[in-house]
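Chemist: Residues 13 to 472, numbered by the working numbering, are exactly what the sequence shown covers, in order.
Beta carbons are placed, not taken as given, at the ideal position from N, Cα and C, and that holds for glycine.
Here it is, the structure in full.
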Amino acid sequence: MAKSKTYVCSACGASHNKWSGRCEGCGEWNTISEEVPLSSGPATKSLGAIRGTRIPLTDLSTTETPPERTRSGSGELNRVLGGGLVPASAILVCGDPGIGKSTLLLQAAASFSRAGLKTVYISGEEASAQVRMRAQRLGLAEAPVQLAAETNLRDILTTLEAEKPALAIIDSIQTMWADNVSSAPGSVSQVRAAAHELTTFAKKNNMAVILVGHVTKDGQIAGPRVVEHMVDTVMYFEGERGHQFRVLRAVKNRFGPADEIGVFEMTGKGLAEVKNPSALFMGTRDNPVPGSVVFAGIEGTRPVLCELQALVAPSPNAQPRRSVVGADAQRLAMILAVLESRCGIPFAGLDVYLNVAGGMKVNEPAADLAVAAALLSAREDAALPADTVVFGEISLSGALRPVGQLDNRIKEAEKLGFEKALSPKGGKSVGTTTLQRQEFSDLRSFVTEIFGDNGPQKEG
Ligand code: TYD
Ligand code: MG
């Protein structure tokens with residue numbers, strides 16, 4: 013019998029029985045490649061045929077105290093971890109190549125080792141001398157971190173078993189090589205096997221493990237999604253090229269809130285914490301500019317104010333441009349449609365550009381009203397007053413929906429010297445505030461009141 017081949021997507025790990033250009037699982041192109049199956053022998057008897065050992069079952073009540081977390085010297089990192097590092101947890105840190113993952117984790121290794129954890133840093137990408145040089149440059153040469161440059165997983169596990177560290181950092185999971193799997197390092201089988209070995213080893217030996225994962229668009233190496241379900245915490249390290257700011261975002265966390273962010277700045281001496289991101293993402297706002305609106309957003313549990321910028325210009329093309337950086341293009345299309353059909357403000361024949369200043373990414377629906385305000389402000393060439401923040405969700409009917417964490421948004425805006433908030437009606441009551449609030453029940457009334465006098469020409 014011919015051995016059946018399997019084809020696995022390197023982005024999502026879905027397996028297919030024939031090759032195709034596009035993965036049906038995740039829709040990515042050119043990510044499917046041939047894989048040697050893990051067990052390539054004749055099928056053994058089914059599991060039910062041979063008796064295993066009986067597992068003791070327990071109830072849900074517990075007398076155990078929650079595990080003692082170790083806090084690093086970096087408040088931003090502790091915040092994203094949900095208050096510190098949990099013993100025996102497995103963490104995946106993903107990001108584009110060159111974004112600063114190795115820098116972040118070398119600093120974290122130094123910080124945790126200084127906090128009293130025995131820390132081992134395994135580099136599969138750089139030679140020990142290179143890592144030592146970087147540590148020197150970052151002023152971390154004195155930190156009690158144990159370092160090795162190795163990719164052989166068997167040797168790494170043997171070493172970890174003997175050394176018994178409390179934390180091991182593996183940079184990166186895609187360079188690790190398990191010799192019992194016959195495909196190349198970086199392939200789905202290898203990455204999956206290496207992550208499985210490391211996480212089960214970590215749980216069994218009460219060692220925390222941090223895995224670094226590269227994200228690549230071309231599918232040359234397996235994506236971190238293959239590993240995401242095996243670990244307790246998944247963090248994305250993001251940033252725009254050309255901006256020095258980096259955001260560490262927890263997208264999954266079994267030990268803390270997801271969506272929490274930590275903000276860092278890449279400097280000549282490594283990553284520095286940014287304690288007040290609002291001030292940073294807003295830029296300087298002395299004179300109000302048409303098209304620029306401050307959105308009072310929430311990232312996880314923390315309020316972040318950021319500046320949305322829109323530009324609306326007559327289009328030379330039959331198909332006008334819709335260009336978005338840092339926000340959701342689908343959401344922009346929806347807001348344009350609502351403005352057009354519910355408020356009678358057409359954007360046909362106009363190019364629309366939307367940008368979130370400072371390299372920040374905004375995913376909240378609460379940004380809808382701020383986006384609409386920026387678009388209208390740009391279209392009408394009328395600036396909102398500089399002391400105003402905007403937030404609110406727009407529904408397809410044109411109604412405005414209240415948003416969560418009202419208090420947090422208002423307090424942050426007040427703290428940064430804003431005097432007025434434009435927001436939807438309703439929502440939980442706010443404590444004492446000097447901020448003046450103007451509330452709207454639908455987008456149409458927002459448009460007439462804010463952009464009324466010199467406002468848009470209504471149709472009909
Ligand atoms: P690195 O941590 O090697 O990225 P990754 O591991 O995600 O591939 O960081 C690479 C970039 O960071 C590199 O382009 C230079 C920059 N960098 C600084 O600006 N300052 C520093 O102190 C360090 C160590 C790196
Ligand atoms: Mg690196």
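Just checking my contact of A174 with M219 at CB under 8 Å: how many whole Å lie between their CB atoms?
Modeler: With a Cβ gap of about 12 Å, A174 and M219 do not count as contacting.
Chemist: Considering only the alpha carbon of each residue, which of P326, E426, G251 lies closest to K113?
Modeler: The shortest Cα separation from K113 among P326, E426, G251 belongs to G251.
Chemist: To the nearest angstrom, how far is it from the Cα of D191 to the Cα of A345?
Modeler: Roughly 50 Å between the two C-alpha positions.
Chemist: Would you mind listing the beta strand (DSSP E) stretches within the stretch 361-445 that are 3+ residues and don't spill past its ends, in chain order?
Modeler: Complete beta strand (DSSP E) runs here, min 3: 362-368, 400-402, 432-436.
Chemist: Hey, would you say the C-beta of E137 is under 7 Å away from at least one heavy atom of the ligand HEM?
Modeler: This structure simply doesn't include the ligand HEM; it includes the ligand TYD and the ligand MG instead.
Chemist: Could you check whether the Cβ of D271 sits closer than 7 Å to any heavy atom belonging to the ligand MG?
Modeler: The answer is no for D271.
Chemist: Give every residue of the same chain whose Cβ lies closer than 8 Å to the Cβ of S27, excluding the five residues on either side of it in the sequence, and list them in chain order.
Modeler: These residues qualify, in order along the chain: T18, Y19, V20, C21, E47.
Chemist: Enumerate, from N- to C-terminal direction, the unbroken alpha helix (DSSP H) stretches of 4 or more residues contained entirely within the stretch 122-167.
Modeler: With a minimum length of 4 residues, the continuous alpha helix (DSSP H) runs that stay inside the stretch 122-167 are 140-149.
Chemist: Restricting to runs no shorter than 4 residues, where is the alpha helix (DSSP H) found entirely within the stretch 231-263?
Modeler: As far as the stretch 231-263 is concerned, its whole alpha helix (DSSP H) runs of at least 4 residues are 237-240.
Chemist: Hey, which unbroken runs of the alpha helix (DSSP H) at 4 residues or more fall wholly within the stretch 169-224?
Modeler: Within the stretch 169-224, the complete alpha helix (DSSP H) runs of at least 4 residues are 200-216.
Chemist: Counting only the same chain and skipping the five closest in sequence on each side, list residues whose C-beta sits under 6 Å from that of V316.
Modeler: So the qualifying residues of the chain are P289, S290, G309.
Chemist: Can G410 and V350 be called in contact, C-beta distance under 8 Å?
Modeler: For G410 and V350, yes; Cβs fall inside 8 Å.
Chemist: May I have the straight-line CA-CA distance separating T460 from I406, to the nearest angstrom?
Modeler: Cα to Cα, T460 sits roughly 16 Å from I406.
Chemist: Provide the residue span of the beta strand (DSSP E) that contains C355, from first to last.
Modeler: Run containing C355: none in the beta strand (DSSP E); it sits in the alpha helix (DSSP H), 341-355.
Chemist: My assumption, with CB atoms under 8 Å, is that F213 sits in contact with L150. Please give the rounded CB distance.
Modeler: Contact doesn't hold; Cβ gap of about 29 Å is too wide.
Chemist: For A369 versus F403, is the C-beta spacing smaller than 8 Å?
Modeler: For A369 and F403, no; Cβs fall outside 8 Å.
Chemist: Sort out for me which residues DSSP pairs C35 with in a bridge.
Modeler: None; C35 has no bridge partner.
Chemist: Going by beta-carbon coordinates alone, are I185 and G235 separated by less than 8 Å?
Modeler: Going by C-beta atoms, I185 is not nearer than 8 Å to G235.
Chemist: Less than 8 Å between the C-beta atoms of I103 and D244, yes or no?
Modeler: The answer is yes: Cβ separation under 8 Å.
Chemist: Relative to the alpha-carbon of M372, which residue among V301, L323, F276, P302 has its alpha-carbon at the smallest distance?
Modeler: Nearest C-alpha to M372: F276.
Chemist: Does DSSP put R314 in a helix, in a strand, or in coil?
Modeler: Of the three classes helix, strand and coil, the one that applies to R314 here is strand, per DSSP.
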